[in-house]
Each structure stands twice: as C-alpha cells, then as structure tokens.
Amino acid sequence: MMDLENFLPFLGEIVARWLKGFLPVWLVDVIMMVVVGLLIILLMVVVVMALTLLERKILGRLQDRLGPNRVGPYGLIQPIADVLKLLVKEDIIPEKADKLLHFLAPVIIVVPAFMVWAVIPFGKKLVAADLNIAVLYVIALGSVTSIAILMAGWGSGNKYALLGGFRAVAQLFSYEVPMALAILSVVMAAGSMSLQKIVEAQSPLPFVLLQPVAFLIYFICGVAETNRSPFDLPEAESEIIAGYHIEYSGVKWAMFFLAEYINTFAISAMVVTLFLGGWKGPVLPSYIWFFIKVAIMVYVFFWFRATFPRLRIDQLLNFSWKFLVPLAMANLLVTGLVVKLDLGYWGKASAYWAGNILAGGLALYLLGRFTPKKALA
Amino acid sequence: MFGRGLLKGLYTTVKHGVMTYFKGYKHPFLKRYFTEGPAPRLEPEGVGLFTLQYPEEKYAMFPRFRGALMHLRDPETGQPRCTACGACALACPHGVIEVIAEGKGKERKLVDYRYNLGRCVFCRLCVESCPYGAIEMSHEYELATYENKMVLHLEDLLKIGDRSGVTEQGWAWK
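So the sequence lines, in the order shown, correspond to chains A and B.
Just so you know, the first sequence maps onto residues 1 to 377 in this note's numbering.
Just so you know, the second sequence maps onto residues 1001 to 1174 in this note's numbering.
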C-alpha cells in the first residue's frame, strides 16, 4: 500500500531531483518555492469556495432552513455561480474616492491572508516554511489587515465606510493584545515559537487541556480578529450597511470576501495548531487529521454566527481591556510560574490545568459578581 | 456562573440544526405537496424544517380562496354548463367578461368566453350572478405569463376547471 503520509513530500523530492539534472540548484529551489506557493494559494481559493457554501448551508440548518439548494444538486454549484457573478460585475469607483487607497486596500488585505499559510503545518512534513519565529510572523501579518481596512474605509470617501474602518481598527488593536498574550503562554509552555515544535510539544496531551483559558481567549480573539459575528461591528449590516467595503463591487469586493474567509480558516488552523494538537492523530495521515480538526473549528465559527447577537462597541472594548487582557495576564503568570518549577511532565500538566481552572473560574465569578447589570443588558 | 447564557444559546441553535435532519424533511428526493391546507408551524418552540421549497412544494389554498375564474362541466354530458346568457358579463364591475354566442332563443349557443385576467379584481360577482352554476373561482394564483396572454378563452377556463376537480359551484360556501 502506498504510504499516504509521505506521498506529497516524496513527490516533491522526485520532481526536485529530476529538475536538478539540467538546472542549477538555486533555480530549482526558486521553482519549488513558487510551485508550493501557487499550490497553497490554489488550495485556499478552493477552500474559500467550499466555505462560502458550507457557511450558508450550516447557517440555514441552524436557523431551521435548508440553505442554498437551487444551483445544481443540493446547491453544490452555488459557489461557482457566485464567483462568476462577482467576476463579471461592474467595478465602480466612487467620484469622491481616494483612487489610490481605494485600489490598494483590497490588494493589501488579501496578501497577508495568503502569507499566513506559509508557516502553518498541514502535516508532519507538509509545511512551506518552518520559521523559528512563526508565531511572531502570524501575529505581525494579522496586524497588516487593520491597515488595509482603514485604507478601504478612508479611501472610499463614504461616512459609513469610514465609521466601519474606525471600528475595525479599534477592535483589531484591542483584540491583538489578549491574543498575543494567550499565544505567549502557549509559547512559554512549548518552549519554542516554531509551529512544528509547538505541535510536537503537544504530546501526549494537547494544550487545550493544559491551557483551557488561553484556548478560550485565543478563540474569542480570533473571532474578533476576523470580524465575524458576534464581533462583526466593522461590517454591521443593520448599523453601517456594510462598513469599510460598502463602496466596493465586483472583483475588489470579492478580494475582501476572500480575505475574510481565508482568515477564518487561518484562525481555525492556528487554534488547531496551537491548542488541539495540530496534525497529530492516530491511524489517518497527518494532513487529514489537520483538516478534520480545522473543519470542526470552522463549524464552531459558523455556530457562533448563528447563535450570538452583535455586541455594542463599548461592550466590545470593555470585554477586551477589562476582562480578556487581565485574564490573559493572570494566565501568563501561572504559566511562567509552572515553567520555572521542576515538576516533570505530569506534574507540570496538572499544575497548568489547576492554575488555569482557578484563574478562569475566578475571572468568570468576578465578572458575574461585579459587572453592573446595565452593562450586560 | 457568568457565561451560562452563552452555552444555553449554543445548545439551542445546535439542537435546531440537528433536528432539521429529523423533523419536517421526510422525503429528501421526492416533491412534497400539501393538499390539506396551509401547514404552519404548530408550536412556537417547535424544531425541524418548516420552510417550503416553493416551486416544488405548495400550500393548498384555503377553500374560499378566489383565484382565476374557471368553467365547470356537467358531470353527465361532459359539456360546459354555460348557456351564454350573459348574466356574468352584466354583473362584472370591470367589463372583464365578454360572452360570444350565436343563434337566437333556444338555438343560442356558446362560442367563446373571453375573460380578461389583467383587469379582474377577483370579486366573485360573476359567479354569484350565474343562474346555471356554470362558473366558479379556482385556486390558481400563479397568473404571471411571459407573453401578453392575459385574455383567457373558453378552453383555458375549462382546463382550469378540469384541473381543479371541482364540479359544483359554491362547494366551498356550503
């Protein structure tokens, strides 16, 4: 039987060897890099097409509907129809727009969304670039998105777009802080910033069991980072119509859409890599385990969207600065203490677990005890 | 504890999502037609699919629904009951109906019956004025057409009547 685990790296090896027969080594390296990059981009575009359909199907089911079922059997060709419609749509540039920013924003937003995938390990040997500062790289790329959104909001010359841009920047900055702190406790526990090393550190227990509080903080911040419901204030339809991408149509709008879904998928992949053991799993090949776990996390994203109503802007910022940041700090403190203690693996694991439960339970208790009822309503 | 409401909400939505696979969606491949009448959601807290896939599935109209006019046949002879007396045309407030007949007295015979759907207000005065019980309002409500064919003729109206299965005027008013 063919070894599924090593099939793709083996294929790459064969092609590289064949090319080295008549090409200089540096050119072969460049070609292999370009091919891998194109493959990842292609994979992401296909994944986004699948996600658009899945989101509408799952949302429909959660709302007692069927979802799209008109185009093709069970609506399976719906994404292709959507893409065709977006590609042939007229590209409108408003008269009052800042033309350069208006043009650049969709380009800038989609580039970091693809770039994140360079470091995410799809499988045991399937990672485009195993950087030793991969975590830092992912956080940095997440920040670029806010610049693009502000550009789109300012460049459109529309008050709703500008309002959406402001909201997006406030939200992204606020939620990057607890997100980075939550990742930091994982990095401290794993002892490395390389995502492959972090995955390997999650054996036998994944970090979701050792660091449940960090997991929750990271996931909530991830939902906020991707501007998805219930944190979809920057594009709140009922308040500011569509937010920063209100003046975009056709392909440029599709770029924002693409970036949003790739980011959703990337955050799910990061959650899986950092907390759910990445590609680890029995029997099946590692990349299949990776995609199964990511699919579950994506489902949770859609589930959140079907369940929670949108927050107000003050609730959003309060939740980040007054709850998530102190909790992440407390978690970091616990993690730092445990890392320094000499307890052995299981001792450390139980200490992490106990510390997390204590910090999380205390935080939830304090939040329920001291939050004024008015702020919750 | 704080956050219990969030978990409860998540449980509610996933329950609804799962139940759509078990309730209300009995025939994944077949078309469903409701013939018993409108099938609304029975309980407010109910679960399961309740949307109607419109062109394939339709609610039956309530009995006294007034759709397009139709002609009824005599069940014994199979001929239209209309005698071309013209009472309906006189009763119509909008001049929707035009009865075309030939012959005089006992020889008078119906040739064509033009019913202008575009101007009809579905008031049913024509049906009430008919002394022979020859016409009735049908349950047809998909009246849009691609061409300008708003005038229905006798054969169209008879076709609607045959399709409806109604043989007697005023069946819903008894």
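We put the CB at the ideal spot given by N, CA and C, even for glycine.
Less than 8 Å between CB atoms is the rule here; does residue i satisfy it with respect to chain A?
{"i": "L1052 of chain B", "result": "no"}
{"i": "T1020 of chain B", "result": "yes"}
{"i": "K1031 of chain B", "result": "In this prediction, K1031 of chain B scores a pLDDT of 45, lower than 50, which makes its location untrustworthy; no coordinate-derived value is stated."}
{"i": "H1016 of chain B", "result": "yes"}
{"i": "T1077 of chain B", "result": "no"}
{"i": "G1103 of chain B", "result": "no"}
{"i": "G1003 of chain B", "result": "yes"}
{"i": "G1175 of chain B", "result": "The structure shown does not extend to residue 1175 of chain B, since chain B spans only 1001 to 1174, so no value can be given for it."}
{"i": "G1067 of chain B", "result": "no"}
{"i": "T1083 of chain B", "result": "no"}
{"i": "T1145 of chain B", "result": "no"}
{"i": "A1039 of chain B", "result": "Model confidence at A1039 of chain B stands at a pLDDT of 49, short of 50, so the residue's coordinates are unreliable; what they give is reported in the following sentence. It does not: the Cβ of A1039 of chain B has no partner Cβ on chain A nearer than 8 Å."}
{"i": "L1010 of chain B", "result": "yes"}
{"i": "T1013 of chain B", "result": "yes"}
For residue i, which residues from the same chain have a beta carbon less than 6 Å from its beta carbon, with the 5 sequence-adjacent residues on both sides left out?
{"i": "G153 of chain A", "result": "A161, L162, G164, G165 and Y244"}
{"i": "L141 of chain A", "result": "P112, M115 and V116"}
{"i": "K348 of chain A", "result": "V338"}
{"i": "Y1141 of chain B", "result": "G1067"}
{"i": "I1100 of chain B", "result": "V1111 and D1112"}
{"i": "G1103 of chain B", "result": "K1109"}
{"i": "A118 of chain A", "result": "A128 and A129"}
Taking all protein chains shown into account, do 16 or more other C-beta atoms lie within 10 angstroms of the C-beta of residue i, making it buried, or fewer, making it exposed?
{"i": "T1077 of chain B", "result": "exposed"}
{"i": "Y287 of chain A", "result": "buried"}
{"i": "V35 of chain A", "result": "exposed"}
{"i": "D1156 of chain B", "result": "buried"}
{"i": "N158 of chain A", "result": "buried"}
{"i": "L4 of chain A", "result": "exposed"}
{"i": "T1035 of chain B", "result": "Legend: pLDDT at T1035 of chain B = 44, less than 50; position of this residue unreliable, no value from coordinates given."}
{"i": "Q78 of chain A", "result": "buried"}
{"i": "V1121 of chain B", "result": "exposed"}
{"i": "F301 of chain A", "result": "buried"}
{"i": "A354 of chain A", "result": "exposed"}
{"i": "R70 of chain A", "result": "exposed"}
{"i": "L358 of chain A", "result": "exposed"}
{"i": "V223 of chain A", "result": "buried"}
{"i": "L233 of chain A", "result": "buried"}
Using 8 Å for Cβ pairs, my map puts residue i next to residue j. What's the rounded Cβ distance?
{"i": "A214 of chain A", "j": "A182 of chain A", "result": "4 Å"}
{"i": "T273 of chain A", "j": "I93 of chain A", "result": "No, T273 of chain A and I93 of chain A are not in contact; Cβ-Cβ is about 39 Å, not under 8 Å."}
{"i": "M44 of chain A", "j": "F114 of chain A", "result": "6 Å"}
{"i": "H1139 of chain B", "j": "F1065 of chain B", "result": "5 Å"}
{"i": "C1082 of chain B", "j": "A1144 of chain B", "result": "That pair is no contact at about 27 Å."}
{"i": "I139 of chain A", "j": "P178 of chain A", "result": "Not confirmed; about 12 Å, so no contact."}
{"i": "E225 of chain A", "j": "L172 of chain A", "result": "6 Å"}
{"i": "K252 of chain A", "j": "D91 of chain A", "result": "6 Å"}
{"i": "L1158 of chain B", "j": "L1117 of chain B", "result": "Rounded, the Cβ-Cβ distance is 15 Å, inconsistent with contact."}
{"i": "F308 of chain A", "j": "S249 of chain A", "result": "At roughly 29 Å, the Cβ-Cβ gap does not stay under 8 Å, so F308 of chain A and S249 of chain A are not in contact."}
Does chain B have any CB closer than 8 Å to the CB of residue i?
{"i": "R61 of chain A", "result": "yes"}
{"i": "T264 of chain A", "result": "no"}
{"i": "L311 of chain A", "result": "no"}
{"i": "A330 of chain A", "result": "no"}
{"i": "A351 of chain A", "result": "no"}
{"i": "D232 of chain A", "result": "no"}
{"i": "P9 of chain A", "result": "no"}
{"i": "D402 of chain A", "result": "Past the edges of chain A, shown from 1 to 377, lies residue 402 of chain A, and the structure says nothing about it."}
{"i": "A306 of chain A", "result": "yes"}
{"i": "R65 of chain A", "result": "yes"}
{"i": "W303 of chain A", "result": "yes"}
{"i": "L76 of chain A", "result": "no"}
{"i": "L53 of chain A", "result": "no"}
{"i": "L324 of chain A", "result": "no"}
{"i": "L364 of chain A", "result": "yes"}
Which residues in the same chain have their Cβ closer than 7 Å to the Cβ of residue i, if we skip the five residues on either side of it in sequence?
{"i": "T1164 of chain B", "result": "It should be noted that the sequence gives Ser, not Thr, for residue 1164 of chain B. If we look at S1164 of chain B and ignore the five residues flanking it on each side, its Cβ neighbours are M1070, S1138 and H1139."}
{"i": "G420 of chain A", "result": "Nothing can be reported for residue 420 of chain A, as the shown portion of chain A is limited to 1 through 377."}
{"i": "H102 of chain A", "result": "I93, G155 and S156"}
{"i": "L184 of chain A", "result": "L332"}
{"i": "I41 of chain A", "result": "F114"}
Leaving out five residues before and five after residue i in sequence, what residues of the same chain have Cβ atoms less than 8 Å from its Cβ?
{"i": "T1167 of chain B", "result": "L1072, R1073 and P1075"}
{"i": "V325 of chain A", "result": "V177, P178 and L181"}
{"i": "G67 of chain A", "result": "R56, K57, I58, L59, G60, R61 and G75"}
{"i": "Y1132 of chain B", "result": "R1081, C1082, T1083 and C1085"}
{"i": "V199 of chain A", "result": "P121, T273, G277, G278, W279 and K280"}
{"i": "V187 of chain A", "result": "V135, M193 and I198"}
With a threshold of 8 Å between beta carbons, is residue i in contact with chain D?
{"i": "R56 of chain A", "result": "The question asks about chain D, but that chain is absent: this structure's protein chains are A and B."}
Entirely enclosed alpha helix (DSSP H) segments - the stretch 1067–1141 of chain B, minimum 4 residues
Counting only runs of 4 or more, we get 1087–1091 and 1125–1129.
Taking only runs of the alpha helix (DSSP H) that begin and end inside the stretch 320–357 of chain A, which ones reach a length of at least 4 residues, in chain order?
325–340
Runs of 4 residues minimum, wholly inside the stretch 162–219 of chain A: which ones carry the alpha helix (DSSP H) assignment?
195–201 and 207–210
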